[in-house]
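There are 2 protein chains.
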Amino acid sequence: MTTNSQRILLVDDEQDILEFLSYNLRKEGYHVTTAENGEEALKAAKKENPHLVLLDVMMPGLDGIEVCRELRQMAGMKDVIIAFLTARSEDYSHIAGFEAGADDYINKPIKPRVLLSRIKALLRRTSVSNDSEVQDLGGIIIDRESYSVTHQGNELNLPRKEFELLALLASKPGKVFAREEILSRVWGEDVVVGDRTIDVHIRKLREKIGEDYIRTVKGVGYKFEF
Amino acid sequence: MTTNSQRILLVDDEQDILEFLSYNLRKEGYHVTTAENGEEALKAAKKENPHLVLLDVMMPGLDGIEVCRELRQMAGMKDVIIAFLTARSEDYSHIAGFEAGADDYINKPIKPRVLLSRIKALLRRTSVSNDSEVQDLGGIIIDRESYSVTHQGNELNLPRKEFELLALLASKPGKVFAREEILSRVWGEDVVVGDRTIDVHIRKLREKIGEDYIRTVKGVGYKFEF
DNA sequence: AACGGTGTTAAGGCCATGTTATGAGTAATT
DNA sequence: AATTACTCATAACATGGCCTTAACACCGTT
Chain U
2 MTTNSQRILL VDDEQDILEF LSYNLRKEGY HVTTAENGEE ALKAAKKENP HLVLLDVMMP
62 GLDGIEVCRE LRQMAGMKDV IIAFLTARSE DYSHIAGFEA GADDYINKPI KPRVLLSRIK
122 ALLRRTSVSN DSEVQDLGGI IIDRESYSVT HQGNELNLPR KEFELLALLA SKPGKVFARE
182 EILSRVWGED VVVGDRTIDV HIRKLREKIG EDYIRTVKGV GYKFEF
Chain R
2 MTTNSQRILL VDDEQDILEF LSYNLRKEGY HVTTAENGEE ALKAAKKENP HLVLLDVMMP
62 GLDGIEVCRE LRQMAGMKDV IIAFLTARSE DYSHIAGFEA GADDYINKPI KPRVLLSRIK
122 ALLRRTSVSN DSEVQDLGGI IIDRESYSVT HQGNELNLPR KEFELLALLA SKPGKVFARE
182 EILSRVWGED VVVGDRTIDV HIRKLREKIG EDYIRTVKGV GYKFEF
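The listed protein sequences derive, respectively, from chains U and R.
First residue of the first sequence? That's 2 in the working numbering, and the numbers climb one at a time after it.
First residue of the second sequence? That's 2 in the working numbering, and the numbers climb one at a time after it.
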């Protein structure tokens with residue numbers, strides 16, 4: 002997995018378009034991965050952890066909407082930006098697509114210059130907060146890339162949910178995250194889980210990194226301190 | 002009522018749009034409440050006391066313009082920001098809408114990116130004077146984000162109600178808040194509590210930050226001074 | 001003195017969170 | 001394919017503190 006530049010996953014069933022777009026994107030310094038169908042796309046997304054996914058709506062097999070939905074469910078994929086590529090006529094798909102969690106639509110036929118400016122705008126949004134892959138906070142080092150946490154020299158192997166939860170809290174030390182916000186950002190928007198689920202994960206985190214880092218603000222949420 | 006982040010009330014009669022917009026807004030950390038018609042909207046506004054109301058113009062029953070007018074009349078709702086969602090063709094509504102007290106118009110079809118930047122801009126406008134995350138007032142620092150109050154260097158850990166109460170009073174130093182207003186904004190509109198409840202909380206606050214900041218105005222309410 | 005409004009204190013209920021164990025589901029390993 | 005290890009959600013119960021209440025004291029006003 003290359004991490005130097007921003008990673009883009011490009012999904013379309015037409016070879017021509019893949020080549021044409023990836024050529025133009027690579028020329029701008031993006032790291033481009035391509036997939037020709039939905040299944041490939043999901044696999045590639047898991048592996049490459051892209052910043053942005055460009056997704057054709059109309060595809061044989063898993064269509065773009067489906068892929069989008071699945072991506073939104075995947076752990077660690079909450080903040081990925083998803084943009085649909087669509088023929089101008091397929092107007093209906095906008096609604097379904099937005100429901101599935103799309104961030105933007107780009108109409109075919111695609112002009113490289115237009116595409117690039119849209120992409121830059123999309124990526125600018127998260128690049129500020131999301132760029133530092135590794136974070137050092139008072140004895141705890143969080144490495145989002147390798148998905149590992151080091152606590153006083155010991156590398157902890159946190160399970161996904163625990164890692165996501167810790168990473169979220171630590172992304173803004175001091176800020177209180179409401180349970181609601183935690184749920185939507187770690188578990189997903191429409192996932193319904195029991196009341197005690199968050200607590201249990203907090204508990205496990207505190208077990209591993211100590212009681213002092215995560216503080217409960219009763220009736221409000223949790224915050225990370227150091 | 003969650004109070005951690007900025008509250009948005011979303012009003013539209015189409016379920017699809019509600020879902021799609023609330024997804025995108027929640028992803029950004031906003032606290033979103035939805036309503037499907039004008040009556041619901043007014044009820045929800047009373048209860049949630051939103052910072053921003055996104056209001057569909059065309060609705061069965063009470064339409065957006067009407068709701069807007071009523072909102073502007075409601076106590077404690079003076080500073081709310083109201084933005085209309087409108088189909089591009091409904092041009093006439095701009096005039097009526099601005100007369101009713103709208104702050105902005107957003108055209109459908111709505112693109113998340115556009116919506117979010119507009120919302121941020123709108124909220125930024127009042128956050129300077131009114132709702133900034135951190136306020137510094139003569140030895141007392143109130144930080145909404147971290148939910149903490151610092152008094153002469155000491156960080157106080159106020160319970161939720163006490164924090165909300167202090168934050169409310171301090172949001173407009175000098176202004177007298179009627180007990181009724183305090184009740185509806187801190188406790189919630191339809192919550193019924195005894196007469197002495199507010200006093201007790203005032204007492205605890207004075208205990209912690211000193212007697213000088215909160216002054217009783219007999220027969221009227223309380224105000225914050227420094 | 002009575003009355004309306006607020007201050008003060010202590011006590012108890014209730015609710016949000018903590019805690020532990022358990023089982024279903026999934027991934028890794030053989 | 002079978003086995004093993006592991007993650008995750010839930011249920012059931014414990015706990016602690018926040019919030020409310022109640023009862024009374026203290027004003028100022030009529």
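For every residue, glycine included, the Cβ atom is placed at its ideal position computed from N, Cα and C.
So, under 8 Å CB-CB, residue i and residue j are touching, yes? Tell me the CB distance rounded to an integer number of Å.
i, j, result
"R114(U)", "E49(U)", "Incorrect: roughly 25 Å between the Cβ atoms, too far for contact."
"E37(U)", "D14(U)", "6 Å"
"K205(R)", "R216(R)", "The Cβ separation is near 16 Å, so there is no contact."
"F85(U)", "V68(U)", "Between V68(U) and F85(U) the Cβ distance is about 10 Å, and since that is not below 8 Å, they are no contact."
"L166(U)", "V187(U)", "5 Å"
"V12(U)", "L53(U)", "Not a contact, Cβ separation roughly 11 Å."
"E208(U)", "P174(U)", "Their Cβ separation, rounded to whole angstroms, is 20 Å, which puts E208(U) and P174(U) out of contact at 8 Å."
"M60(U)", "G30(U)", "About 27 Å; that fails the 8 Å criterion."
"A42(R)", "L10(R)", "7 Å"
"L170(R)", "F164(R)", "Contact flag wrong, Cβ pair sits at about 11 Å."
With a 10 Å radius around its C-beta and 16 neighbouring C-beta atoms as the bar for buried, classify residue i as buried or exposed.
i, result
"D200(U)", "exposed"
"L138(R)", "exposed"
"K176(U)", "buried"
"V193(R)", "exposed"
"A103(R)", "buried"
"N25(R)", "buried"
"K28(R)", "buried"
"V129(U)", "Because V129(U) carries a pLDDT of 45, less than 50, the predicted location of this residue cannot be relied on, and no value is offered for it."
"D17(R)", "exposed"
"V221(R)", "exposed"
"D144(R)", "buried"
"P51(U)", "buried"
"S1(U)", "An answer regarding residue 1(U) cannot be provided, because it is not within the stretch 2 to 227 covered by chain U."
"G211(U)", "exposed"
"R73(U)", "buried"
"E182(U)", "buried"
"E20(U)", "exposed"
"S185(U)", "buried"
"K44(U)", "exposed"
"S118(R)", "exposed"
"E156(R)", "exposed"
"A88(R)", "exposed"
"V1(R)", "No answer is possible for residue 1(R): it lies beyond the span of chain R, which begins at 2 and ends at 227."
"V218(R)", "exposed"
"V135(U)", "exposed"
Any idea which residues DSSP pairs residue i with across the strands?
i, result
"S149(U)", "D144(U)"
"G222(R)", "A179(R), V218(R)"
"A88(R)", "K109(R)"
"A36(U)", "V12(U)"
"Q136(U)", "I143(U)"
"N155(U)", "H152(U)"
"L116(U)", "Beta-bridge pairing links L116(U) to no other residue."
"I83(R)", "V54(R)"
Any beta strand (DSSP E) of 3 or more consecutive residues that is wholly inside the stretch 2 to 34 of chain U: 8 to 12
Residues of the stretch 158 to 173 of chain R whose Cβ lies closer than 9 Å to any Cβ of chain U, in chain order: N158, P160, R161, K162, F164
Members of the stretch 178 to 203 of chain U near chain R, C-beta cut-off 9 Å: F178, A179, R180, E181, E182, S185, R186, E190, D191
Chain U contacts from the stretch 26 to 51 of chain R (Cβ-Cβ distance under 8 Å): R27, K28, G30, H32
Uninterrupted beta strand (DSSP E) stretches inside the stretch 164 to 209 of chain R (no shorter than 3 residues): 177 to 179
Members of the stretch 202 to 225 of chain U that neighbour chain R once the beta carbon cut-off is set at 8 Å: Residues V218, K219, G220, V221, G222, K224.
Chain U contacts from the stretch 136 to 150 of chain R (Cβ-Cβ distance under 7 Å): E146, S147, Y148
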